[in-house]
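The structure appears right after this line, and notes come after that.
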Amino acid sequence: YNPDKTLIDQYRTMHDEGHFQGMSVLKHVREISKLVISTNSISLLDYGCGGGVQYHTNGCHLYWGGILPALYDPAVGEYNLRPIGKFDGVICTDVAEHVAENEVPDFLNDLFQYANKFVFITICTRPARKVLPDGRNTHLTVKPKEWWVEKIKSVAINYPGIEVGIDWNNK
Numbered sequence: 260y261n262p263d264k265t266l267i268d269q270y271r272t273m274h275d276e277g278h279f280q281g282m283s284v285l286k287h288v289r290e291i292s293k294l295v296i297s298t299n300s301i302s303l304l305d306y307g308c309g310g311g312v313q314y315h316t317n318g319c320h321l322y323w324g325g326i327l328p329a330l331y332d333p334a335v336g337e338y339n340l341r342p343i344g345k346f347d348g349v350i351c352t353d354v355a356e357h358v359a360e361n362e363v364p365d366f367l368n369d370l371f372q373y374a375n376k377f378v379f380i381t382i383c384t385r386p387a388r389k390v391l392p393d394g395r396n397t398h399l400t401v402k403p404k405e406w407w408v409e410k411i412k413s414v415a416i417n418y419p420g421i422e423v424g425i426d427w428n429n430k
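As numbered in the working numbering, the sequence shown has no gaps in its residue numbers, which increase by one up to the final residue, 430.
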């Protein structure tokens, strides 16, 4: 999966301005912890980690036994190298809706191809309060829950044995 470079550049600008630090994962530490424990996971990837402060400053990984995830975010300089290998669990919070609609299937496939045991994803189904430098809403794909569930199911079927956790970031 290769996201649109001009879009990534816009998100990079917003990251540099202090947006998208990675704090959305904090709302979901309990659900993630349950998945880590129930699947006996020992390696994790935070796909779309933002600035990483959720781990380096807030220590949210301590809620699931201290497993510090590998961090990946194509719009953050220190985390923009694609991960190598597979991880027991893939965490992806507040990212999917930022992907262009035509790229959603490739994006979801990319998430699943990194996972051995589970994928935990949160999705917002309403417009964001932020806009990209080009004026578009940062939530590029605003669709109802049913649309997202169908998209996820259509990819997950190719990855039998991967547990899927979905939550909705609409607060």
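For every residue, glycine included, the Cβ atom is placed at its ideal position computed from N, Cα and C. None of the values given here were measured: they were computed from a predicted structure.
Worksheet item: For LEU367 versus VAL414, is the C-beta spacing smaller than 9 Å?
Response: yes
Worksheet entry | Cβ shell of ASP332 (< 7 Å), same chain only, five flanking positions each side left out | GLY307, CYS308, GLY309, TYR338 and ASN339
Item to complete: Provide the residue(s) that pair with TYR306 in DSSP beta bridges, ordered along the chain.
Response: TYR331
Worksheet item: Where VAL349 and THR400 are concerned, what is the direct C-alpha to C-alpha distance, given to the nearest angstrom?
Response: 21 Å
Item to complete: Grab the span of the beta strand (DSSP E) containing LEU381 for me, first residue to last.
Response: Before going on, a small fix: residue 381 reads as Thr here, not Leu. Where THR381 is concerned, the enclosing beta strand (DSSP E) stretches over 374-382.
Item to complete: Identify every residue that forms a DSSP beta bridge with ASN396.
Response: VAL390
Practice prompt. Put ILE267 into one of helix, strand or coil per three-state DSSP.
Written response: helix
Fill in: Minimum length 4: unbroken alpha helix (DSSP H) runs contained in the stretch 272-303
Taking only runs of at least 4 residues, the alpha helix (DSSP H) segments lying wholly in the stretch 272-303 are 288-297.
Worksheet entry | Ordered list of beta strand (DSSP E) runs contained in the stretch 338-362, each at least 3 residues | Here the runs fully enclosed are 346-351.
Worksheet entry | Contact check, ASP382 vs TRP427, beta carbons under 9 Å | The sequence given here places Ile at residue 382; Asp does not occur at that position. Yes, the pair counts as a contact, with Cβ atoms nearer than the cut-off.
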